[in-house]
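The opening position of the sequence shown corresponds to residue 408 in this note's numbering, with each subsequent residue numbered one higher.
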Amino acid sequence: MINLKINGFEVQVEEGTTILQAASKVGVKIPTFCHDPRLVPHGTCRICVVEVEGGRNLPTACTTPVYEGMNIQTESKEVVQTRREILDLVLANHPLDCLTCEKSGRCTLQDLCYQYDIKETTYVGERKDFEVDESNPFYYNDQNKCILCGKCVYVCSQLQGTEAIGFAERGFPTHIATPFNQGLEQSTCVSCGNCVSVCPVGALMPKSKEKFRYWETKTVRTTCSYCGVGCQMDLVVKDDKVVGVDPAMGASNEGLLCVKGKFAYNFVNHPSRLTTPLVRKDGKLVETSWDEAYEVIANKINETKETVGADAIAAFSSARALTEDNYLMQKLMRAVVGTNNIDHCARL
Ligand code: SF4
Ligand code: SF4
Ligand code: SF4
Numbered sequence: 408m409i410n411l412k413i414n415g416f417e418v419q420v421e422e423g424t425t426i427l428q429a430a431s432k433v434g435v436k437i438p439t440f441c442h443d444p445r446l447v448p449h450g451t452c453r454i455c456v457v458e459v460e461g462g463r464n465l466p467t468a469c470t471t472p473v474y475e476g477m478n479i480q481t482e483s484k485e486v487v488q489t490r491r492e493i494l495d496l497v498l499a500n501h502p503l504d505c506l507t508c509e510k511s512g513r514c515t516l517q518d519l520c521y522q523y524d525i526k527e528t529t530y531v532g533e534r535k536d537f538e539v540d541e542s543n544p545f546y547y548n549d550q551n552k553c554i555l556c557g558k559c560v561y562v563c564s565q566l567q568g569t570e571a572i573g574f575a576e577r578g579f580p581t582h583i584a585t586p587f588n589q590g591l592e593q594s595t596c597v598s599c600g601n602c603v604s605v606c607p608v609g610a611l612m613p614k615s616k617e618k619f620r621y622w623e624t625k626t627v628r629t630t631c632s633y634c635g636v637g638c639q640m641d642l643v644v645k646d647d648k649v650v651g652v653d654p655a656m657g658a659s660n661e662g663l664l665c666v667k668g669k670f671a672y673n674f675v676n677h678p679s680r681l682t683t684p685l686v687r688k689d690g691k692l693v694e695t696s697w698d699e700a701y702e703v704i705a706n707k708i709n710e711t712k713e714t715v716g717a718d719a720i721a722a723f724s725s726a727r728a729l730t731e732d733n734y735l736m737q738k739l740m741r742a743v744v745g746t747n748n749i750d751h752c753a754r755l
């Protein structure tokens with residue numbers, strides 16, 4: 408174990424722990440743009456710099472391991488001054504259109520500029536002028552807002568495993584792009600939106616049908632209903648309407664989603680969606696109770712079995728249901744109804 412001090416607090420952590428992890432253990436928050444505990448630390452944004460007694464410069468908390476007797480200050484005068492300078496440099500190339508930016512209210516850059524009291528940049532000069540890539544059906548990439556934290560690139564390569572995007576060019580024109588700048592639609596991108604979910608600013612944003620501010624919404628933790636993986640997600644809800652989805656940390660998805668979980672949520676609010684069982688009466692489908700629906704199903708199965716035989720009946724189960732439910736469905740068909748006519752939509 409390593410003993411150290413953070414802002415005067417005595418901390419004991421395991422060898423190999425970073426300053427950022429040690430600080431979080433004692434409830435000291437260090438700001439980050441590029442950090443994600445699931446990624447290999449890369450220290451790209453440098454906003455997490457801290458002061459270490461006896462050190463020659465300010466190391467990044469996310470990449471620096473602690474050592475015995477370390478004495479760290481996370482908000483010293485020099486640290487604050489350096490963070491203000493970093494924000495000033497970031498803003499030198501940022502549109503500052505928070506009034507109409509969709510990310511307003513949930514933007515790490517906005518929050519840190521507020522925290523460190525930076526209203527505008529002191530730098531004057533050329534500005535980025537990239538064409539917004541709107542070729543993906545679900546999200547857009549506006550590189551004029553990108554702060555080059557690299558999170559999207561590493562999430563795509565290290566977690567999603569697609570490697571659809573990367574850093575293009577060097578120096579001033581550096582930006583996040585698909586190979587040969589061919590646009591997202593022509594790339595290997597599978598539209599999982601995991602890059603969108605981690606972008607700390609408004610550079611990668613869903614093409615939402617709704618206009619909303621995050622402070623008008625609440626989140627509801629749920630399980631994706633599209634397939635049996637059981638990904639955990641937070642529905643973003645405004646006035647009882649789902650307006651977005653964020654991945655949540657679950658045992659099976661570890662904060663990732665696929666295109667269906669992330670973007671295909673509009674069916675929830677669709678007017679044609681079935682919300683009650685229907686039975687056909689006099690040739691017309693009418694709403695009914697679950698009790699009546701089950702009675703109709705049971706009567707029809709029994710009637711068909713008696714008059715034509717069990718093999719005239721088939722059941723088609725769903726990948727949206729649990730594995731256990733699918734198991735019960737085949738058991739019901741084989742053991743109770745008496746037929747092997749059972750199938751599952753996963754065989755499509
Ligand atoms: S949507 Fe998914 S596959 Fe496409 S660039 Fe983002 S992380 Fe990569
Ligand atoms: S697009 Fe977003 S996540 Fe990607 S590098 Fe830029 S700011 Fe970071
Ligand atoms: S997000 Fe995708 S992988 Fe996860 S449960 Fe939903 S459909 Fe399955």
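Idealized CB from N, CA, C, for every residue including glycine.
_Taking only three categories from DSSP, how would you classify residue 414?_
Locating residue 414 in the sequence shown gives position 7, counting from the first residue. Residue 414 falls in the coil class under three-state DSSP.
*asked:* Once DSSP output is grouped into helix, strand and coil, what is the label at residue 569?
replied: The residue labelled residue 569 in the question sits at position 162 within the sequence shown. Coil.
*Closer than 5 Å: residues whose CB approaches a heavy atom of ligand 3*: 631, 633, 634, 636, 638, 664, 665, 667 and 668
_Let me make sure I understand the geometry here. Which of 444, 648, 556 and 508 has the alpha-carbon closest to that of residue 424?_
Counting from one through the sequence shown, the residue named residue 424 turns up at place 17. Looking at the Cα atoms, 444 is the closest of the given residues.
*Over the uninterrupted beta strand (DSSP E) stretch that includes residue 628, give me the two end residues.*
As a working mapping, residue 628 is identified with position 221 in the sequence shown. Residue 628 -> beta strand (DSSP E) spans 625 to 630.
*Could you give the C-beta distance for residue 502 and residue 548, rounded to a whole number, given that I count them as a contact under 8 Å?*
Residue numbering aside, residue 502 sits at position 95 when the sequence shown is read from its first letter. Residue numbering aside, residue 548 sits at position 141 when the sequence shown is read from its first letter. The pair is not a contact, with the Cβ atoms about 14 Å apart (cut-off 8 Å).
*Give me every residue whose Cβ sits closer than 6 Å to any heavy atom of ligand 1, in chain order.*
562, 563, 567, 569, 571, 572, 596, 597, 598, 599, 600, 601 and 602
*Can at least three beta-carbon pairs, one atom from the stretch 486 to 497 and one from the stretch 508 to 520, be found at a separation below 8 Å?*
yes
*asked:* On the DSSP letters alone, give me the boundaries of the alpha helix (DSSP H) that residue 693 sits inside.
replied: The sequence position of residue 693 within the sequence shown is 286, counting from 1. Where residue 693 is concerned, there is no enclosing alpha helix (DSSP H), although the beta strand (DSSP E) it sits in stretches over 691 to 694.
*What does DSSP give as the partner residues of residue 458 in its beta bridges?*
Numbered from 1 along the sequence shown, position 51 holds the residue referred to as residue 458. Bridge partners of residue 458: 480.
*Is residue 448 buried or exposed, if buried means 16 or more other CB atoms sit within 10 Å of its CB?*
Here the question's residue 448 lines up with position 41 in the sequence shown. By the neighbour-count rule (16 or more Cβ atoms within 10 Å), residue 448 is buried.
*So is the beta-carbon of residue 642 under 8 Å away from any non-hydrogen atom of ligand 2?*
The residue you call residue 642 lines up with position 235 of the sequence shown. No, the Cβ of residue 642 stays beyond 8 Å of every heavy atom of ligand 2.
*Between the Cα of residue 606 and the Cα atoms of 435, 473, 427 and 452, which residue gives the shortest distance?*
Position 199 of the sequence shown, counting from 1, holds the residue named residue 606. The residue with the shortest Cα to Cα distance from residue 606 is 452.
*Can you give the beta carbon distance from residue 418 to residue 408, rounded, assuming they're within the 8 Å contact cut?*
Residue mapping note: residue 418 aligns to position 11 of the sequence shown, counting from 1. Residue mapping note: residue 408 aligns to position 1 of the sequence shown, counting from 1. Residue 418 to residue 408, Cβ: 10 Å. No contact.
_Measuring CB atoms only, is the stretch 582 to 595 touching the stretch 556 to 574, in the sense that at least three cross pairs come out at less than 8 Å?_
yes
_Could you tell me the alpha carbon to alpha carbon distance between residue 714 and residue 600, rounded to whole angstroms?_
In the sequence shown, residue 714 corresponds to position 307, counting from 1. In the sequence shown, residue 600 corresponds to position 193, counting from 1. Spanning the two alpha carbons is a distance of roughly 52 Å.
*May I ask you to check if the CB of residue 537 is nearer than 8 Å to at least one heavy atom of ligand 2?*
Taking the sequence shown and counting its residues from 1, one reaches residue 537 at position 130. Result no, Cβ not under 8 Å from ligand 2.
*Is the beta carbon of residue 752 within less than 8 Å of some heavy atom of ligand 2?*
Sequence index remark: in the sequence shown, residue 752 carries index 345 (1-based). No - ligand 2 has no heavy atom lying nearer than 8 Å to the Cβ of residue 752.
*Counted within 10 angstroms of its Cβ, other Cβ atoms place residue 591 as buried (16 or more) or exposed*: Taking the first residue of the sequence shown as position 1, residue 591 is located at position 184. Buried.
*Is the beta carbon of residue 613 within less than 8 Å of some heavy atom of ligand 5?*
With respect to small molecules bound, the structure shown includes ligand 1, ligand 2 and ligand 3 and not ligand 5.
*Taking just the CA atoms, how far does residue 564 sit from residue 442?*
Numbered from its first residue, the sequence shown carries residue 442 at position 35. Numbered from its first residue, the sequence shown carries residue 564 at position 157. Taking the straight line joining both Cα atoms gives about 15 Å.
*Please list, in chain order, all residues of the same chain as residue 512 whose beta carbon is under 7 Å from its beta carbon, the five residues on each side excluded.*
As a first step, residue 512 must be located in the sequence shown, where it is residue number 105. Cβ within range, chain order: 620, 621 and 622.
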